[in-house]
Each structure stands twice: as structure tokens, then as C-alpha cells.
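Read through the structure below, which is laid out as C-alpha cells, and then see the notes.
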């Protein structure tokens, strides 16, 4: 619990960087919501991510319940067979804390109205990350590290969830939320708050990655790929809400042809 209070304290202290709410409202939200963008993102994201709930209808890895560590690449092999319920708990709590507390920095920096407006875009980034991770984890069906040893209970080594190691959705979600939140704060001219949020969020994401490896849920390569996917989605989804390009004909006496404004 001390970790959660530390994260809460860090994010509350971010408010000391914040200007008055009036100034935040003058700038307005960082992102622009649009039916043409947000509805498709939500529909596609929810549809793909919901395949997680069909996991019970799929088979466990072919090597379950005990896989051969010799089949693991040299980089990840030292972590084959790990399992720890303590690290599992640490990872779960840190994931929830990061996903909930980091976006709240937007409220500290922008005020409640604009902050929650931009939190919707951050939530979309997390949803899209899950929509990418869930189908890929089924397609790759990589056994989790705990399947390469006997420490984990049999029911955790002989089910479909045991074959969803690649890649780490927990890390990807936390990084996506962090990048999207920090980017929004930079757009509303809050560079110090953006930097502080980035540091806190990435620290939380790193702890999640360590915990997921220690728990026997992911290999280090799964964590690294998750961080890269989260970074990409955390940049791409907000970018869909910032473009403001329009084609319009312009009359001019200085030249001929089509001018794009």
C-alpha cells in the first residue's frame, strides 16, 4: 500500500506546477473529439479486446503443463520457470495505480472539464493497445515462463491463459496511458507537469514489467515489445484527434493552379 500512497502523493504534488484553472480553461483541451474518429476507434477497440472473454473456449499450449526450457531463446531462457504470487500482486496493484492516477494529472493541469475530456482520448489509447495485444497473444500462443517449471499450480499451467505470454498487455497499457497523458500536457503548455507525469508513469510501467517477469507471466522480450507497442499507440491515437487539415480553393493573383491550405 505504501507504493500506492507514494504514487498518489507524487501526482497530487504535480498540482503545484499547475496554473490556475482559469488559465487552463483559456487554453482548452489538448485533443478534439469527433464522431467520425471516436466511434470507429471505440467500436473496433471494444470488439477486438472483447475476444479476451472467449479465452475459456481455447486450448492451452501444446507443451502444457510442462514445457522444455531449451526451446526458449537465449535472451529469455534465464527467466523460464519463474513464478511468484507476491510479484503478481505487486504487478496488479501497480498497473491499476498507474492507469488510474497518471491520467488524473490532466485534471491537475487542465481543470476538471478539459481534463476529463482528454482522459477519454487516453482511455481510447489504452483500449486500442488491448485491441492489438489480445488477438496477437492468441495468434502467437507463446507459453508463459511459469509453464517451464513446476512452481506454479497445475491449473495455472494447463489453461489457455498459460499461452498468452507475447506480449505484455499490462506494460503496453501503462506506457500508452503515460505517453498520451504527457503529450496532452505538452500541448496545453504544461511542460514541467508533462515531464513529471512522464517520469512517474514510466517508473510505474517499469515496475509493472519487472513484476510481470518475476511473477512468471512474461519474458523480458514480452515486456520490451509491450513498451514499444504502448509508445506507438500512445502517440498514434492522440494524433488522430489533433489533425486539422482542410482542402479549400483559394483565389489569388500571384499564381495559378491549386493551393492547399
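In the working numbering, the protein residues as written are 580 to 840. C-beta: ideal position from N, C-alpha, C; glycine also.
| query | Can you give the Cα-Cα distance for residue 750 and residue 668, rounded to whole angstroms? | reply | 15 Å
| Considering only residues of the same chain and omitting the five flanking positions on each side of residue 623, which have a CB-CB separation below 7 Å? | 710
| field | Separation of residue 708 from residue 747, as counted between CA atoms | value | 10 Å
| query | Is the distance from the Cβ of residue 725 to the Cβ of residue 783 below 8 Å? | reply | no
| query | Quick check: the region 761 to 778 against the region 672 to 686, are there 3 or more CB pairs under 8 Å? | reply | yes
| task | For residue 654, count neighbouring Cβ atoms within 10 angstroms of its own Cβ and tell me buried if that reaches 16, exposed if not. | result | exposed
| query | Who are the Cβ neighbours of residue 820 in its own chain at under 6 Å, not counting the five residues just before and after it? | reply | 610, 611, 700
| residue 626 burial status per 10 Å Cβ neighbour count (16 or more: buried) | exposed
| task | Closer than 6 Å by C-beta to residue 660: which residues in its own chain qualify, once you throw out the five before and the five after it? Chain order, please. | result | 727, 728
| CB contact flag (residue 714, residue 763, <8 Å) | no
| query | By the 10 Å Cβ neighbour count, where 16 or more other Cβ atoms means buried, how is residue 743 classified, buried or exposed? | reply | buried
| query | How many whole angstroms separate the CB atoms of residue 739 and residue 635, which I take to be in contact at a CB cut-off of 8 Å? | reply | 7 Å
| Which class does residue 603 belong to by DSSP, given the choice of helix, strand or coil? | Per-residue confidence for residue 603 stands at a pLDDT of 47, beneath the threshold of 50, marking its modelled position as unreliable; no derived number is given.
| request: Express the C-alpha separation of residue 678 and residue 752 in angstroms, rounding to a whole number. | output: 8 Å
| field | residue 633 classed as buried or exposed, judged by whether at least 16 other C-beta atoms fall within 10 angstroms | value | exposed
| task | For residue 647, count neighbouring Cβ atoms within 10 angstroms of its own Cβ and tell me buried if that reaches 16, exposed if not. | result | exposed
| So, helix, strand or coil for residue 723, using DSSP? | coil
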